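Engineer: Numbering of the sequence shown is given in our numbering, commencing with residue 764 and proceeding in unit increments. Following this message is one structure expressed as structure tokens.
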Amino acid sequence: LEACKKNGKRCIELPKAQFEFNEPIEVGWKGASKDSFKVAITKEDKLPEKRKVRLFLHTPVKSSRGIQFDGDAAEGGKKDFPLAPATYDAHLANKGKSKSGGLTFTITGGAQGAETEPALGRNRKLLFK
């Protein structure tokens, strides 16, 4: 699955449209040309402005390798992993604006609205494809 803006130069990618509660969320991208780019997760139809971002990770410059939200990464945002079951959008974002457009996915299972203990450990994982 992929969402792109700017003639396909900046894209966000997900391997599927539905994840189980507590399942790691793999996200790939194309076109992050600055170190200020982030992969941001928001509630569906929300822009990746600071107060609306649920989770984010900075992208390594000019890489299209995937990163994984799994509670072990250096994640920022308003919520900790795992996200509660709901519908979300993934964005390739820069300075509070979506550069890719939102790519919608759903978290299912678990207790609706459940809050969890923050995960321990904070090392970014790169997924080599």
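Heads up, the beta-carbon is just placed ideally off N, CA and C, and yes, glycines get one too. Fair warning: this is a prediction, and the values are worked out from it, not measured in the lab.
1) Could you tell me the boundaries of the beta strand (DSSP E) in which Glu812 lies?
2) Apply the 10 Å Cβ neighbour rule to Asp798 and answer buried if 16 or more other Cβ atoms are within range, or exposed otherwise.
3) Spatial neighbours of Ala803 within its chain, please: C-beta separation below 6 Å, excluding the five flanking residues on both sides.
4) Here's the rule: buried if 16 or more other CB atoms are within 10 angstroms of the residue's CB, otherwise exposed. What is Cys767?
5) Work out the CA separation of Gly791 and Gly829 for me, nearest whole Å.
6) Can you tell me the Cα-Cα spacing of Ala837 and Pro787, whole angstroms?
Structural biologist: This is what the structure holds:
1) Segment: none, Glu812 is in no beta strand (DSSP E) and carries neither H nor E.
2) Asp798 is exposed by the Cβ-count criterion.
3) So the qualifying residues of the chain are Pro811, Val816, Phe819, His854 and Ala856.
4) That one is buried.
5) Near 4 Å, if we compare the C-alpha coordinates of Gly791 and Gly829.
6) If you draw a straight line from the Cα of Ala837 to the Cα of Pro787, it comes to about 14 Å.
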